[in-house]
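Just below is one structure, and these are the notes that go with it.
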Amino acid sequence: MGLKERARKLKSDIPAVYIALKKKETPVIAKVFAMITIIYALSPIDLIPDFIPVIGLLDDIILLPILIAITIKFIPEEILSKCKIEAENLWISGKPKRWYFAIPILLVWIVLIFLTLKLFGKLQ
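Heads up: the sequence shown begins at 3 in the working numbering, then just goes up one per residue.
Have a look at this one:
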């Protein structure tokens, strides 16, 4: 399987993993790995800082797909297959319109910007 096929498969698996996390039947270990993956993906702290040319982005390119693959391995196949079908149905009527999921992320960014400005004396 080439890199493009893996990327496409991963892109289709992410919504299925999200749906699986909401199901009671999904094992706790899969939910733990999913939370670790989400926290790492959204965290401003990386193992290798992004400002280091090339190498800084490699941890995101390599580590995130590995974490997602580990999460998928812990989800039973019958649950994952049902969730993949649900994920495909999400996009039939267009993009999901649940914009309110972005609110926590926006709030974190607003707080980070505010604290940065305050730290560097731009705000009194």
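The beta-carbon is built from N, C-alpha and C at its ideal position, and this holds for glycine as well.
Worksheet item: F76 to A36, Cα distance in whole Å?
Response: 10 Å
Worksheet entry | DSSP state of L108 mapped onto helix, strand, coil | helix
Fill in: For L119 and V113, the rounded distance between their alpha carbons
10 Å
Worksheet item: Got a sec, what are the start and stop residues for the alpha helix (DSSP H) I77 sits in?
Response: Where I77 is concerned, there is no enclosing alpha helix (DSSP H), given that its DSSP letter is neither H nor E.
Worksheet item: Run through DSSP, which three-state label would T28 get?
Response: coil
Worksheet item: Which value, in whole angstroms, describes the spacing of the CA atoms of A104 and G4?
Response: 32 Å
Worksheet item: Going by the CB atoms, is the gap between P17 and L92 shorter than 9 Å?
Response: yes
Worksheet item: Could you give the distance in angstroms between the alpha-carbon of W111 and the alpha-carbon of E90?
Response: 30 Å
Worksheet item: For L117, is the classification buried or exposed, using 16 other Cβ atoms within 10 angstroms of its Cβ as the cut-off for buried?
Response: exposed
Worksheet entry | Three-state class that DSSP yields for I94 in the structure shown | coil
Item to complete: Pick helix, strand or coil for P55, following the three-state DSSP scheme.
Response: coil
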